[in-house]
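Participant:
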Amino acid sequence: MEFNLILSTESKVLSTNISTFQQQAENYLAGLSNRFETDDDFAQAKQDIKDLTELEKRTKEAIANAQNGEIKQLIEQAQAIAERFRQARLEREKLVKTKEAEIKASIVNDAFERLAVVKSGFENDVCIALEQVISKATIKKRLDEATKRRSTLATLTKAVNAEETLIGAEIATEAARLSARRKLIPISYEYLFKDWLNLITGDDELEPIIQARIAEEEKREAEIKAKAEQEAKARAEAKLQENAHSQQENINENTANSGPQTPSQATPPATTQFILKIPAQEIPFTGTLEQLREYFAPVKALGITATIVKK
Numbered sequence: 206m207e208f209n210l211i212l213s214t215e216s217k218v219l220s221t222n223i224s225t226f227q228q229q230a231e232n233y234l235a236g237l238s239n240r241f242e243t244d245d246d247f248a249q250a251k252q253d254i255k256d257l258t259e260l261e262k263r264t265k266e267a268i269a270n271a272q273n274g275e276i277k278q279l280i281e282q283a284q285a286i287a288e289r290f291r292q293a294r295l296e297r298e299k300l301v302k303t304k305e306a307e308i309k310a311s312i313v314n315d316a317f318e319r320l321a322v323v324k325s326g327f328e329n330d331v332c333i334a335l336e337q338v339i340s341k342a343t344i345k346k347r348l349d350e351a352t353k354r355r356s357t358l359a360t361l362t363k364a365v366n367a368e369e370t371l372i373g374a375e376i377a378t379e380a381a382r383l384s385a386r387r388k389l390i391p392i393s394y395e396y397l398f399k400d401w402l403n404l405i406t407g408d409d410e411l412e413p414i415i416q417a418r419i420a421e422e423e424k425r426e427a428e429i430k431a432k433a434e435q436e437a438k439a440r441a442e443a444k445l446q447e448n449a450h451s452q453q454e455n456i457n458e459n460t461a462n463s464g465p466q467t468p469s470q471a472t473p474p475a476t477t478q479f480i481l482k483i484p485a486q487e488i489p490f491t492g493t494l495e496q497l498r499e500y501f502a503p504v505k506a507l508g509i510t511a512t513i514v515k516k
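Dropping the structure here:
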């Protein structure tokens with residue numbers, strides 16, 4: 206960038222290289238590159254901005270020094286060139302900022318997508334828990350932070366890659382911890398752990414919590430079972446008494462209705478009085494041993510033990 210506008214005037218133009226300067230300006234502006242791919246490209250663009258600023262300044266200074274005399278056309282021509290320098294500078298500043306932002310976003314987004322693939326590679330429950338511990342928003346923020354104060358594409362890329370590696374290692378470590386804690390919850394008792402997500406993502410010791418809940422559930426189930434058995438036993442005893450009463454009435458009725466037997470009639474089996482002892486109760490029974498067995502069969506089927514005593 207070795208060209209300057211020369212304007213030296215009194216009441217008329219004494220000397221100028223305006224035509225040469227204009228051609229040099231045209232050539233310079235045409236040679237500005239719009240390619241932004243490497244650190245060198247960005248460095249050159251930023252240098253171009255500095256040069257355009259300097260050219261604009263020096264051209265305006267030359268104009269200011271030549272404001273006397275009949276040089277309106279010359280000054281307007283020089284001002285137009287200065288304005289072109291200014292517009293080129295402004296456009297280039299905007300373009301550099303836009304391209305830098307695009308490349309930065311691309312580097313960050315690529316790293317983010319790779320980490321998203323890593324996070325989704327575990328079993329479903331672990332993936333859900335991972336999002337609570339290391340969220341997408343947290344990952345994006347950390348990658349964005351890694352780009353700050355990076356003056357070149359090389360240093361920016363290196364910083365983002367380093368942060369990506371660090372986050373990936375943290376994801377792997379946390380996934381292993383979450384998976385191990387999730388497996389501590391027995392499948393058969395999962396209904397006791399509807400808060401499993403908070404449990405496995407927390408730092409509290411998990412085994413005592415699991416053992417306490419299972420023990421409490423087993424106690425509850427045992428109480429329900431004992432109550433059911435007690436109710437079944439009570440129903441069986443009530444049924445037993447009802448059957449005994451019915452059997453006794455039938456026997457008494459049959460005895461009352463039977464008349465004197467002739468020698469040709471068969472003699473019925475002799476009846477006997479028994480005491481049927483079951484837990485916490487004694488039930489009298491009159492009849493044959495076969496009738497007693499038939500009477501006791503439903504009770505025996507319920508697993509109730511009894512002792513039979515002949516009176």
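Numbering (this note's numbering), first residue to last: 206 to 516. Glycine included, each C-beta is placed from N, C-alpha and C at the ideal position. On a predicted model such as this, the values are computed, not experimentally measured, just so you know.
For Arg-347, I'd like the list of residues in its chain whose CB is within less than 8 Å of its CB, leaving aside the five on either flank, ordered along the chain.
Facilitator: Closer than 8 Å at the Cβ level, and outside the excluded window around Arg-347, lie Glu-368, Ile-372.
Participant: Among Ala-316, Val-514, Arg-440, Ala-420, whose alpha-carbon lies nearest the alpha-carbon of Leu-361?
Facilitator: It is Ala-316.
Participant: To test your reading of the DSSP string, which unbroken beta strand (DSSP E) runs of 3 or more residues are found completely within the region 209 to 284?
Facilitator: Runs found: 212 to 214, 218 to 221.
Participant: Can you find the residues in the same chain that come closer than 6 Å, C-beta to C-beta, to Phe-226, ignoring five residues on each side of it along the sequence?
Facilitator: Leu-210, listed in sequence order.
Participant: Considering only C-alpha positions, which residue in the set Leu-335, Ile-339, Ala-250 is nearest to Glu-296?
Facilitator: Looking at the Cα atoms, Ala-250 is the closest of the given residues.
Participant: Just grab the DSSP bridge partners of Phe-479 for me.
Facilitator: In DSSP, Phe-479 forms a bridge with Phe-490, Lys-515.
Participant: Going by DSSP, what residue range makes up the alpha helix (DSSP H) through Thr-406?
Facilitator: First-last of the alpha helix (DSSP H) with Thr-406: 401 to 406.
Participant: Taking its Cβ as the centre, do 16 or more other Cβ atoms sit within 10 Å of Arg-386, making it buried, or is it exposed?
Facilitator: Arg-386 is buried by the Cβ-count criterion.
Participant: If you draw a straight line from the C-alpha of Leu-300 to the C-alpha of Leu-219, how long is it?
Facilitator: About 40 Å.
Participant: Suppose you measure from the CA of Glu-231 to the CA of Ile-223; what does that come to, to the nearest Å?
Facilitator: Glu-231 and Ile-223: Cα-Cα distance of roughly 12 Å.
Participant: What do you get for Gln-284, buried or exposed, if any count of 16 or more other CB atoms within 10 angstroms of its CB means buried?
Facilitator: Gln-284 should be labelled exposed.
Participant: Would Thr-221 be called buried (16 or more neighbouring beta carbons within 10 Å of its own) or exposed?
Facilitator: Looking at its Cβ environment, which holds 16 or more other Cβ atoms inside 10 Å, Thr-221 is buried.
Participant: Could you have a look at Phe-532 and say whether DSSP puts it in helix, strand or coil?
Facilitator: Examination of residue 532 is not possible in this model, given that the chain is present from 206 through 516 alone.
Participant: Which one of Glu-350, Ile-286, Leu-279 has the shortest CA to CA distance from Ala-593?
Facilitator: Given a span of 206 to 516 for the chain in the structure shown, any question on residue 593 remains unanswerable.
Participant: Suppose the cutoff is 7 Å on Cβ atoms and the five residues either side in sequence are ignored; what does the same chain contact list for Val-514 look like?
Facilitator: Answer for Val-514: Phe-479, Ile-480, Lys-482, listed in chain order.
Participant: Rounded to the nearest angstrom, what separates Ala-381 and Leu-335 at their Cα positions?
Facilitator: Those two C-alpha atoms are separated by around 10 Å.
Participant: In terms of residues, what are the limits of the alpha helix (DSSP H) holding Ile-333?
Facilitator: Element bounds for Ile-333: 329 to 338.
Participant: Output the distance between the C-alpha atoms of Ala-502 and Leu-445, rounded to the nearest integer angstrom.
Facilitator: Taking the straight line joining both Cα atoms gives about 10 Å.
Participant: From Ala-377 to Ile-405, what distance separates their C-alpha atoms?
Facilitator: In a straight line, the C-alpha of Ala-377 is about 15 Å away from that of Ile-405.
Participant: Between Thr-477 and Ala-431, what straight-line distance do the alpha-carbon atoms span, to the nearest angstrom?
Facilitator: Distance between the alpha carbons of Thr-477 and Ala-431: 37 Å.
Participant: When the distance is taken between beta carbons, is Arg-291 closer than 7 Å to Glu-266?
Facilitator: In this structure, Arg-291 does not lie closer than 7 Å to Glu-266 by Cβ.
Participant: Leaving out five residues before and five after Asp-330 in sequence, what residues of the same chain have Cβ atoms less than 7 Å from its Cβ?
Facilitator: Excluding sequence neighbours, Asp-330 sits near Arg-387.
Participant: Are the Cβ atoms of Ala-293 and Leu-358 separated by less than 7 Å?
Facilitator: No.
Participant: Out of Asn-366, Arg-425, Ser-356, point me to the one whose CA is closest to Asn-314's CA.
Facilitator: Looking at the Cα atoms, Asn-366 is the closest of the given residues.
Participant: With 16 other CB atoms within 10 Å as the buried threshold, where does Ile-429 fall?
Facilitator: Classification for Ile-429: exposed.
Participant: Can you have a look at Ile-286 and say buried or exposed, based on whether 16 or more other CB atoms are within 10 angstroms of its CB?
Facilitator: Its Cβ being crowded by 16 or more others within 10 Å, Ile-286 is buried.
Participant: Once the 5 residues before and after Phe-327 are set aside, which same chain residues still bring their CB inside 6 Å of it?
Facilitator: Ala-380, listed in sequence order.
Participant: Do Leu-237 and Asp-253 have their beta-carbon atoms positioned less than 7 Å apart in this structure?
Facilitator: Going by C-beta atoms, Asp-253 is nearer than 7 Å to Leu-237.
Participant: Whose C-beta lies closer than 7 Å to the C-beta of Lys-324 among residues of the same chain, with five residues either side of it excluded?
Facilitator: Within the same chain, Lys-324 has close Cβ partners Cys-332, Leu-335, Ile-376.
Participant: Does the beta-carbon distance from Leu-397 to Glu-426 come in below 7 Å?
Facilitator: Their beta carbons are not under 7 Å apart, which means Leu-397 does not touch Glu-426 by this criterion.
Participant: Which runs of the alpha helix (DSSP H) fall wholly inside the region 353 to 437 and span at least 4 residues, in chain order?
Facilitator: Here the runs fully enclosed are 358 to 388, 401 to 406.
Participant: Please tell me whether Leu-383 and Leu-411 are closer than 7 Å, where the distance is taken between their beta carbons.
Facilitator: For Leu-383 and Leu-411, no; Cβs fall outside 7 Å.
Participant: With a CB to CB cut of under 8 Å and the five nearest residues on each side skipped, what residues in its chain are close to Val-338?
Facilitator: Taken in chain order, the residues that qualify are Glu-379, Leu-383, Thr-406.
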